[in-house]
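*Asks:* Below is the structure I would like to discuss, written out as structure tokens.
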Amino acid sequence: MSVETTQIDGTEYTKVAEVDEIENGRGIAVEIDGIEVAVFNADGEFYAISNRCSHQHAPLCKAGEKKINADHTWTESRGGVNAEECTVSCPWHLWEWDLETGENEASGQRIATFDVVVEGDDIYAQV
Amino acid sequence: MGSSIQRLDPDREVPEEAYDVDVVDMDFHVNPVEEELRAYVEDDRALDRLTTEFGMWPIPDKWDAAYAIAEGNEGLFTQGRAEDAEDVRQACEKFAIDEPIVNCALNMLPHQHHPVLKNAVLEAGNSYMLDHFVDEGVPTAMSIAKWDVDAALSELDRWGDEDGVAAVYSWFDPREPWGVEKFDPVFEKLEDLGLPLILHGSLAFWPQHSYIGDEMLTWTEVLGLDWPIHGMVNTVNMIMRGVFDRYPDLNVVFQEAGHWWLPFVRYRMDEFYEMHPEDIQITPRKFEDGEHYLEKAPSEYLRENIYVCTQPMALPRRAGEAKSLLNLSMAQDTFMYSSDWPHQTLDPPTWFFTSRAFRDDEDLRNAVLHQNARDILRL
Chain G
14 MSVETTQIDG TEYTKVAEVD EIENGRGIAV EIDGIEVAVF NADGEFYAIS NRCSHQHAPL
74 CKAGEKKINA DHTWTESRGG VNAEECTVSC PWHLWEWDLE TGENEASGQR IATFDVVVEG
134 DDIYAQV
Chain X
45 MGSSIQRLDP DREVPEEAYD VDVVDMDFHV NPVEEELRAY VEDDRALDRL TTEFGMWPIP
105 DKWDAAYAIA EGNEGLFTQG RAEDAEDVRQ ACEKFAIDEP IVNCALNMLP HQHHPVLKNA
165 VLEAGNSYML DHFVDEGVPT AMSIAKWDVD AALSELDRWG DEDGVAAVYS WFDPREPWGV
225 EKFDPVFEKL EDLGLPLILH GSLAFWPQHS YIGDEMLTWT EVLGLDWPIH GMVNTVNMIM
285 RGVFDRYPDL NVVFQEAGHW WLPFVRYRMD EFYEMHPEDI QITPRKFEDG EHYLEKAPSE
345 YLRENIYVCT QPMALPRRAG EAKSLLNLSM AQDTFMYSSD WPHQTLDPPT WFFTSRAFRD
405 DEDLRNAVLH QNARDILRL
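First to last, the sequence lines map onto chains G and X. Okay, so the first sequence: first residue is 14 according to this note's numbering, each after it adds one. Okay, so the second sequence: first residue is 45 according to this note's numbering, each after it adds one.
Structure representation (structure tokens):
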């Protein structure tokens, strides 16, 4: 994957995905210069946040993945995006992270968030 | 300016190095759906009673832990539900688990009331495991009743010799501890078969209608501390009543009983025993055998016969502190990795690659991730 960047108001942003690559309620993860960034689609709004839950380093990009034999469980996915609350819950232990602030209310811990802009079909994050 | 960018492999959820190390998972739960299990209940009378809707649950239940979890009881299936060997393999690939030791996870049985029905469900679960896992080459921990020694022995006779049965699975709870002499025939049989006894926490928590039990309202107390206390009680009970002097080759593995209590129990047992050991001679096994003392210091049985699973690891963040705690716990001889898939307490093997306590000590890491398990499992 080659590095594509754009300048917005004098700040450099890096292309992380195209809009149609991230389905609603799901995420992808990229590593930019060693920094793991997860990008989520919350009802058409895109958010970028550290890909690693501070609890046990779970990859947050997996949030919303369908469970094995989901038909035999009550909820279909491993964690997931809550667009209304603007949060993502971790696929391992459901720690809930605010997509705008990176905060987990219960622990008071915070992980990094990154500004996102969408230009045409391209999603850019400032890392 | 970002000079490199790559899309991460979404199918790998733990550090890359984990895929280069042999990982044995001592506690991987599979959960057959009820309809599937019914087909394996052999007695028509038991099946009729098990499948008739009686309304309210037969006994008061205590699973307050679910109130703590965002998805309530669904937390038990946070990762999904494995029903056959292919499901297990699919789940293990994400977490670099090479050898999952699967169990049927009928952890609600010990606190149910009716022994005949409990035995019928337990036997059905074992038959299901034989068909879906043992015969498919997945090493399996098969269940035995704690509440019925004759039934346990009968089950061991039924499948104890089967290739693919790697261990025996039962439970610790707040009832009779495993040091009680009535379990001797089980221990003797396990020694003969070369199978370790895995004791998992059961959903029988601290007794209800007790001052302490009824006031434990949080998950942190109920699952976090109740089980470890019973794990300690069972461990010390087995050691002090001479189980391992009579059955020196018996290996016992505690699951979800915690592990950081080992330093406390290690030094506490030795101190109390060496200070005043004159009651050992009147414990039933020693009395019967005419022996006066234990053959070794109590902590030596802890090191040689007792193992504890690590989930959840809860490793101190500072590597130096973690290393000290691991040493005091005799982790190289006593710890075994477990994931607890698919539950809300899932513990993928990340610690072993993110903490310097393990990164700097390959022997320790290998012991916990696979060697201790391979030493005692019948693989």
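All residues carry an ideal CB built from backbone N, CA and C; glycine is no exception.
Measuring straight from C-alpha to C-alpha, what distance separates residue 45 of chain X and residue 412 of chain X?
*Replies:* Any answer about residue 45 of chain X is weak, because its pLDDT of 49 lies below 50 and its placement is not dependable; what the coordinates show is given next. Cα to Cα, residue 45 of chain X sits roughly 42 angstroms from residue 412 of chain X.
*Asks:* Assess, as a yes-or-no matter, whether the region 130-147 of chain X is touched by the region 70-85 of chain X under the definition of 3 or more beta carbon pairs within less than 8 angstroms.
*Replies:* Flag = yes, the region 70-85 of chain X and the region 130-147 of chain X touch.
*Asks:* Taking the Cβ atom as the reference point for each residue, do residue 180 of chain X and residue 211 of chain X lie within a distance shorter than 7 angstroms?
*Replies:* No, the pair does not count as a contact, with Cβ atoms beyond the cut-off.
*Asks:* Would DSSP call residue 241 of chain X helix, strand or coil?
*Replies:* If DSSP states are grouped into helix, strand and coil, residue 241 of chain X belongs with the strands.
*Asks:* Have a look at residue 314 of chain X and residue 342 of chain X and give me their C-alpha separation to the nearest angstrom.
*Replies:* For residue 314 of chain X and residue 342 of chain X, the distance between alpha carbons rounds to 6 angstroms.
*Asks:* Verify whether the separation of the beta carbon atoms of residue 118 of chain X and residue 105 of chain G is less than 7 angstroms.
*Replies:* No, Cβ-Cβ distance for residue 118 of chain X and residue 105 of chain G is not below 7 angstroms.
*Asks:* In this structure, does DSSP put residue 24 of chain G in helix, strand or coil?
*Replies:* Strand, per DSSP.
*Asks:* Taking the Cβ atom as the reference point for each residue, do residue 271 of chain X and residue 301 of chain X lie within a distance shorter than 7 angstroms?
*Replies:* Yes. Within cutoff.
*Asks:* In chain G, which residues lie less than 8 angstroms from residue 114 of chain X when you measure between Cβ atoms?
*Replies:* Chain G residues near residue 114 of chain X: 102, 107 and 109.
*Asks:* Excluding five sequence neighbours on each side, which residues of the same chain lie with their C-beta closer than 8 angstroms to the C-beta of residue 31 of chain G?
*Replies:* 134, 135 and 136, listed in sequence order.
*Asks:* Starting from residue 215 of chain X, trace the beta strand (DSSP E) in both directions and tell me its first and last residue.
*Replies:* Run containing residue 215 of chain X: 209-216, per the beta strand (DSSP E) assignment.
*Asks:* Got a sec: is the Cβ-Cβ distance from residue 410 of chain X to anything in chain G below 7 angstroms?
*Replies:* For residue 410 of chain X, the answer is no, since every Cβ of chain G falls outside 7 angstroms of its Cβ.
*Asks:* Between which two residues does the alpha helix (DSSP H) carrying residue 397 of chain X extend?
*Replies:* Residues 395-398.
*Asks:* Which residues share a DSSP beta bridge with residue 73 of chain X?
*Replies:* Note: residue 73 of chain X sits in a beta bridge opposite X:147.
*Asks:* Indicate whether at least one CB of chain G lies closer than 7 angstroms to the CB of residue 48 of chain X.
*Replies:* Chain G, which has a Cβ nearer than 7 angstroms to the Cβ of residue 48 of chain X, makes this yes.
*Asks:* Please report the straight-line C-alpha distance between residue 134 of chain X and residue 393 of chain X, rounded to a whole angstrom.
*Replies:* Each residue's alpha carbon lies about 16 angstroms from the other.
*Asks:* Which first and last residues belong to the beta strand (DSSP E) in which residue 40 of chain G is found?
*Replies:* 40-45 is the span of the beta strand (DSSP E), which, as asked, contains residue 40 of chain G.
*Asks:* Can you look up residue 80 of chain G in the DSSP assignment and give me helix, strand or coil?
*Replies:* The answer is coil: DSSP assigns residue 80 of chain G none of H, G, I, E or B.
*Asks:* Quick check on the DSSP output: what are the complete beta strand (DSSP E) runs of length 3 or more inside the region 320-359 of chain X, in order along the chain?
*Replies:* Listed in chain order, they are 350-353.
*Asks:* Can you tell me where the beta strand (DSSP E) with residue 110 of chain G in it begins and where it stops?
*Replies:* 109-111 is the span of the beta strand (DSSP E), which, as asked, contains residue 110 of chain G.
*Asks:* If I measure Cβ to Cβ from residue 90 of chain X and keep anything under 7 angstroms in the same chain, skipping five residues before and after, which residues do I get?
*Replies:* So the qualifying residues of the chain are 160, 161 and 164.
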